[in-house]
Amino acid sequence: MDYEPPFMKTYSDLFGESEQVNIPLVVDTCRNNNDKFCEVPLIDLGKLNVEKGIREAATKWGFFQVVNHGIPQDVLESLMREQMIKVFHRPFATKCEQHFVNNLSASSSSGYRWGNPSATSLLQVSWSEAYHVFLPDLTSMDHDTPLRSSLKCFATKAGSLAERLAEILGEEVKMKSGYFRENCFPNTSFMRLNRYPVCPVPSKVLGFLPHSDSSFLTIVYQDNVGGLQLLKDGKWCVIKPNPQALLVNVGDLFQAASNGVYKSIKHRVLAAEKEERYSVAYFYSPSYDTMIESHGVGDSASLYRKFSFREYKQQSDKDVKELGDKVGLSRFLL
């Protein structure tokens, strides 16, 4: 199929090396073991007094699911359909040459990405493709009106939901009232549309490498295929898909701002084994000049030095370029 990225051709040398040096499997038996599904907290936002449950989930898990979240199911399902047909099922050459958003500036962070161009072993390969969409770029999208409408609707409602959740979490750790309204805007956040093609060697590579998110909060809608895992108590466990729920996870910025109270947990995605997988993620992020400062609770000392989001992004990009991975918050420990 002409829309598939050339994974096997691109990484053929790495597959040859893996046979020679007997690289171990990158996944464990939890792929099909229902006993290892994570019981991620499920919170019904339609009920009263949900604040305690949200804060406990962010503290103990760093992940939680929400239902009655305010985003209509038909919007989510429409976005998935548009994502599959309009975005990813275009010829690979077209995807590499053209973004589905028009007239991107040279400085735009929007763009199409697949695999890992700097991979030197199969352990560094992500068997997936994605579109990063910086939200201001949607204004230049003058085609595929249903897709634009779905993206804008999801982004608007996900942004409102993220602000609501962030205010609840921020109040508990004594963050300034209105901090998120003053620093996080629709034009500072972004979305990522993800596709995980069926992989012929799913035990040798991952769909997406282990990472934490460089945001305050991330809101994800995924299909029913599954494969998302989080690192809990030193073990990888599968998050069972819930078609009625959105998945929310704490990002690095909230871990720093909460002085480690809320946890930005590493997560990864298994390579798709039998059926391609789709998801869409909204990253609730501040302006680059926003200062991130640890808010110690009680007598606790600050764990992290004060830094701007710009500095954090620049340091992360530098680490990825030089080391192949994001070092993250440990760079900013006091």
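The sequence shown begins at 1 in UniProt numbering and counts up one residue at a time.
For every residue, glycine included, the Cβ atom is placed at its ideal position computed from N, Cα and C.
The criterion of a C-beta distance shorter than 8 Å is not satisfied by Ile219 and Leu151.
Contact between Leu206 and Ser126 holds: their C-beta atoms lie close to 6 Å from each other, under 8 Å.
Under the three-pair Cβ rule at 8 Å, the stretch 252-268 does not count as touching the stretch 74-83. Apart from sequence neighbours up to five positions away, the residues of its chain that approach Lys204 with a beta-carbon distance below 6 Å are Leu122, ordered along the chain.
Fewer than three pairs of CB atoms, one per stretch, sit closer than 8 Å, so the stretch 110-124 makes no contact with the stretch 291-305. Taking a C-beta distance under 8 Å as the contact criterion, Lys174 and Ile71 do not qualify as a contact pair. Residue pairing from DSSP places Trp114 in a beta bridge opposite Glu129. Taking C-alpha positions only, Arg55 is separated from Glu163 by approximately 14 Å. If you keep only unbroken beta strand (DSSP E) runs of at least 3 residues inside the UniProt domain "Fe2OG dioxygenase" (187-286), you get 190-196, 206-211, 217-222, 228-232, 235-239, 246-250, 267-270 and 277-284. For Asp213, the closest alpha carbon among the candidates Cys38, Ser140 and Leu230 is that of Leu230. Cβ-Cβ distances below 8 Å link Ala130 to Tyr112, Arg113, Trp114, Arg192, Leu193, Asn194 and Arg195 in the same chain, with the five nearest sequence neighbours on each side left out; the list follows chain order. In this structure, DSSP gives Tyr304 an extended state, which the three-state scheme calls strand.
Ranked by Cα distance from Glu51, the first of Leu329, Ser118 and Leu169 is Leu169. Assignment of Val67 by DSSP, reduced to helix, strand and coil, places it in the strand class. It is roughly 16 Å from the alpha-carbon of Asn183 to the alpha-carbon of Glu311.
8 Å or more divides the Cβ of Tyr262 from the Cβ of Gly16. Rounded to the nearest whole angstrom, the CA to CA distance from Lys47 to Gln124 is 43 Å. In this structure, Val280 sits away from Ser264, with a CB-CB distance that is not shorter than 8 Å. Excluding residues up to 5 positions away in sequence, Pro41 and Phe64 lie with their Cβ nearer than 6 Å to the Cβ of Ala57 in the same chain. Bounds of the alpha helix (DSSP H) holding Leu165 are Thr145 to Glu172.
Taken through DSSP and simplified to helix, strand or coil, Phe134 comes out as strand.
DSSP, read as helix, strand or coil, puts Leu42 in strand.
DSSP, read as helix, strand or coil, puts Phe37 in strand.
Separation of Leu147 and Arg268 (C-alpha to C-alpha, rounded to the nearest whole angstrom) is 27 Å.
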